[in-house]
Each structure stands twice: as structure tokens, then as C-alpha cells.
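Report on the structure given below.
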């Protein structure tokens, strides 16, 4: 569980870096950045599979496809669900919707906790329960203030939980799951890059710096995704959902400080309770570490 907590926090930091990094890739648009992420992440995942001897599991999945018909449905569904999130993540900062994505990630842990309790009968301790309650106050205030939330927010909070449910049903390791997700998105990535207004070569001619910037995009993306998905395997769904509050806090500050998005004065009553919930989660994690050291 300690490894899962560390990986979850690390993935949040890397995703925050990636959030800003996409704005440095002009003249690429959101769809093109998404396509490059897919094409660059796939080789990185292949290398990690080789180092961890994970190709055996990939081969086992291909053998399972011969007699498990549901894999033919679940694998494309898993790829489509995560693909929508990968596209939205790089599209939002370029279209002044970074705050909407951040709000979606604030709401996502509450949805994950609810699913954990309903589907998997997971229980929360007192600090975790208090964190959910305090965060819910902030979310309720935001809904009362605005009356609704954007489609961007809805896609994040309702799009990720089905993905994690599908991943559990696949009964596959994090790396092999990520490999199939990425592999099934390659045709879409090639179609996007092949149909762009300017050719790939012309874009790199216009801005030679992309020759260095685009590969770094792949490195950051691969590291963040692998850490995130591996953490989801190590942690109970409820705790994994609560740790998800770290990422939106970081995304919020990236949007505010680096992407020049504004926060209405009344909205601070939404964010402060949620940050208090993050502090409670951190306190619970430290207490858990102390208990393990004693054991």
C-alpha cells in the first residue's frame, strides 16, 4: 500500500507538469498532441514490458482471446474510455477549460468512493470518512453556486470510473492493460496525424524545437500513466479515489498561475474545503505509515 500511495502522488505531479507542457507545443492542436502521446507512449510501454518480463502476459491475453469472447468487447471499451480522457487532458489547457477539468478531478474521487462502497463493499476509516464529508461540502457549494457543471467536468467524473471497473474485469496487469489500450488507439492516432492541415514534416519545419519537445511529451506521458495505473492496482478503490484529490489541486494551481485562468471570489468556498479534505487524507496516510513501521 505504501508503494501505491507513492506512485499515486508521483503520477499527480507528472500529470500537472504535462498539463502545462502541452501549451509549449504550438502549432500542434489538442488532437495532434493526443496522437503524438499515443505513438510515443507505445514504445515506452513496450520497453517496460520487456524489462519486467511482461510480454508473457501479453501473449496470454492473445491466447485468452481465442476462448473468452468478452475480451473482444472489453479491450476496445477500455481503450475508448481512457482515450477520451487522454484527449481531453491535452485539449482543455489549449481552450481555456483547464479549471473545468480540475473540477472534474475534484468530483471524481467522490464518485470512486461511492462505487467502492456499493460494488466492492469497501469501508472507510474515520479520517477518510471525514475527508469525504468535508470535500462533499465544497462540491455542494459549487453546485449551488453555478447550478450545474460543464460537459468537460462530467466527462472526467463519469468517464474514469467505468474504465477502472472494466480494468478489474479484464484481470490483467497494469502494463499489459496499458499496452492494449495504446495499441488499439494507434489507428486513430495515425488517422489524426494523416488528416491534419499541415503535414508532419511541415510542422517540424515551421518549429524545429518540436523535434525535442515532442519526444519529451512521450516520456512524461508514459511515466505518469504507468504510475497512475499501477497505483490503482495496489490500493483499495476508496483510498485510490481519495488520493485522486492531489492531482486536481495541482492542476488548479497550474491553471491559475501558468495558464492565466481566473477563479471567481465565491468559488474559493468550493476549493478550500476540498483542500482540507486533501490534508485529512495526507494525515491518514502518515498514520498508516507509522503503524507499519511499528509492526
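Numbering (this note's numbering), first residue to last: 262 to 556.
Quick reminder that beta carbons are idealized off the backbone N, C-alpha and C, glycines included.
Query raised in the report: Measuring CB to CB, does residue 449 end up less than 9 Å from residue 294?
Result: Here residue 449 is taken as the residue at index 188 of the chain shown, counted from 1. Here residue 294 is taken as the residue at index 33 of the chain shown, counted from 1. Cβ distance not < 9 Å, so residue 449 and residue 294 don't count as in contact.
Query raised in the report: Buried or exposed: residue 354, going by 16 or more other Cβ atoms within 10 Å of its Cβ?
Result: Taking the chain shown and counting its residues from 1, the one referred to as residue 354 is at position 93. Classification for residue 354: buried.
Query raised in the report: On the premise that residue 511 lies in contact with residue 273, defined as a C-beta separation below 8 Å, what is that separation, rounded to the nearest angstrom?
Result: Indexing the chain shown from 1 puts residue 273 at position 12. Indexing the chain shown from 1 puts residue 511 at position 250. At roughly 6 Å, the Cβ-Cβ gap stays under 8 Å, so residue 273 and residue 511 are in contact.
Query raised in the report: Can residue 368 and residue 400 be called in contact, C-beta distance under 9 Å?
Result: In the chain shown, counting from the first residue as 1, residue 368 sits at position 107. In the chain shown, counting from the first residue as 1, residue 400 sits at position 139. Contact: yes.
Query - C-alpha distance - residue 259 paired with residue 373, whole-angstrom precision - result: Because the chain is modelled from 262 through 556, residue 259 falls outside the range shown and cannot be assessed.
Query raised in the report: When the Cβ atoms of the region 378-386 are set against those of the region 401-421, are three or more pairs found closer than 8 Å?
Result: no
Query raised in the report: Which runs of the alpha helix (DSSP H) fall wholly inside the region 353-389 and span at least 4 residues, in chain order?
Result: 359-381
Query raised in the report: Can you give the beta carbon distance from residue 280 to residue 359, rounded, assuming they're within the 8 Å contact cut?
Result: Stepping through the chain shown from its first residue, residue 280 is reached at position 19. Stepping through the chain shown from its first residue, residue 359 is reached at position 98. Confirmed, about 7 Å.
Report task. Run the CB neighbour count on residue 417, radius 10 Å, all protein chains shown included, and call it buried at 16 or more, exposed below. Result -> As a working mapping, residue 417 is identified with position 156 in the chain shown. The residue is buried, with at least 16 neighbouring Cβ atoms inside 10 Å.
Query raised in the report: Any chance the CB of residue 525 is under 8 Å from a heavy atom of the ligand ZN?
Result: The ligand ZN is absent from the structure shown, which contains no ligands of any kind.
Query raised in the report: So what does DSSP say about residue 442, is it helix, strand or coil?
Result: Against the chain shown, residue 442 aligns to sequence position 181. In this structure, residue 442 counts as helix in the three-state DSSP scheme.
Report task. Would you kindly work out how many angstroms separate the C-alpha atoms of residue 486 and residue 338, rounded to a whole number? Result -> Mapped onto the chain shown, residue 486 falls at position 225. Mapped onto the chain shown, residue 338 falls at position 77. About 18 Å.
Query raised in the report: Just how far apart, CA to CA, sit residue 535 and residue 404?
Result: If you number the chain shown from 1, residue 535 lands on position 274. If you number the chain shown from 1, residue 404 lands on position 143. Taking the straight line from one Cα to the other gives about 14 Å.
Report task. Could you have a look at residue 410 and say whether DSSP puts it in helix, strand or coil? Result -> Reading the chain shown from its first residue, position 149 is the one you call residue 410. Here residue 410 sits in coil by DSSP.
Query raised in the report: Which same chain residues, not among the five before or five after residue 356, have their C-beta less than 8 Å away from its C-beta?
Result: Along the chain shown, read from residue 1 onward, the residue named residue 356 stands at position 95. Only 291 meet the Cβ criterion.
Query - Neighbourhood of residue 414 by C-beta, 8 Å cutoff - its chain only, sequence neighbours within 5 removed - result: Counted from its first residue, the chain shown places residue 414 at position 153. If we look at residue 414 and ignore the five residues flanking it on each side, its Cβ neighbours are 361, 362, 364, 365, 368.
Query raised in the report: Within 10 angstroms of its Cβ, does residue 389 collect 16 or more other Cβ (buried), or is it exposed?
Result: Position 128 of the chain shown, counting from 1, holds the residue named residue 389. Residue 389 should be labelled buried.
Query - Contacts around residue 443, its chain only, beta-carbon distance under 7 Å, and the 5 residues preceding and following it disregarded - result: By 1-based counting over the chain shown, the position of residue 443 is 182. The answer, listed in chain order, is 299, 302, 303, 306.
**Report entry** Where residue 489 falls: helix, strand or coil (DSSP)
**Finding:** In the chain shown, residue 489 corresponds to position 228, counting from 1. Helix, per DSSP.
Query raised in the report: With a Cβ-Cβ cutoff of 9 Å, do residue 335 and residue 431 count as a contact?
Result: Locating residue 335 in the chain shown gives position 74, where the first residue counts as 1. Locating residue 431 in the chain shown gives position 170, where the first residue counts as 1. It is a contact, given that the beta carbons lie within the stated cut-off.
Requested in this report: Using alpha carbons as the reference points, say which of 371, 285, 481 lies closest to residue 397.
Outcome: In the chain shown, residue 397 corresponds to position 136, counting from 1. Nearest option by C-alpha distance: 371.
Query - Residue range of the unbroken alpha helix (DSSP H) whose run includes residue 470 - result: Mapped onto the chain shown, residue 470 falls at position 209. First-last for residue 470: undefined, no H or E at that position.
Query raised in the report: What did DSSP end up calling residue 508 once you bin it into helix, strand or coil?
Result: Along the chain shown, read from residue 1 onward, the residue named residue 508 stands at position 247. Three-state result, residue 508: helix.
Query raised in the report: DSSP state of residue 520, grouped into three classes?
Result: Here the question's residue 520 lines up with position 259 in the chain shown. Residue 520 falls in the coil class under three-state DSSP.
**Report entry** Reference residue 289, options 538, 308, 464, closest by Cα
**Finding:** Locating residue 289 in the chain shown gives position 28, where the first residue counts as 1. That would be 464, whose Cα lies nearest to the Cα of residue 289.
Query raised in the report: Where residue 478 and residue 551 are concerned, what is the direct C-alpha to C-alpha distance, given to the nearest angstrom?
Result: Here residue 478 is taken as the residue at index 217 of the chain shown, counted from 1. Here residue 551 is taken as the residue at index 290 of the chain shown, counted from 1. Between residue 478 and residue 551, the C-alpha separation is close to 37 Å.
Query raised in the report: Excluding the five sequence neighbours on either side, which residues of its own chain have a C-beta within less than 7 Å of the C-beta of residue 312, listed in chain order?
Result: Within the chain shown, numbered from 1, the residue matching residue 312 stands at position 51. Nothing meets the Cβ criterion.
Query raised in the report: For residue 513, which residues from the same chain have a beta carbon less than 6 Å from its beta carbon, with the 5 sequence-adjacent residues on both sides left out?
Result: Indexing the chain shown from 1 puts residue 513 at position 252. Closer than 6 Å at Cβ, skipping near neighbours: 363.
Report task. Mark residue 235 as exposed unless 16 or more other C-beta atoms lie within 10 angstroms of its C-beta, in which case mark it buried. Result -> In the structure as shown, the chain starts at 262 and stops at 556, and residue 235 therefore has no counterpart that could be examined.
**Report entry** Neighbourhood of residue 475 by C-beta distance below 6 Å, restricted to the same chain and skipping five residues each side
**Finding:** Residue 475 sits at position 214 when you count from the first residue of the chain shown. Correct list, in chain order: 297.
Query - 6 Å Cβ shell around residue 340 - same chain, five flanking residues per side excluded - result: Here residue 340 corresponds to residue number 79 of the chain shown, with the count starting at 1. Cβ within range, chain order: 442, 445, 446.
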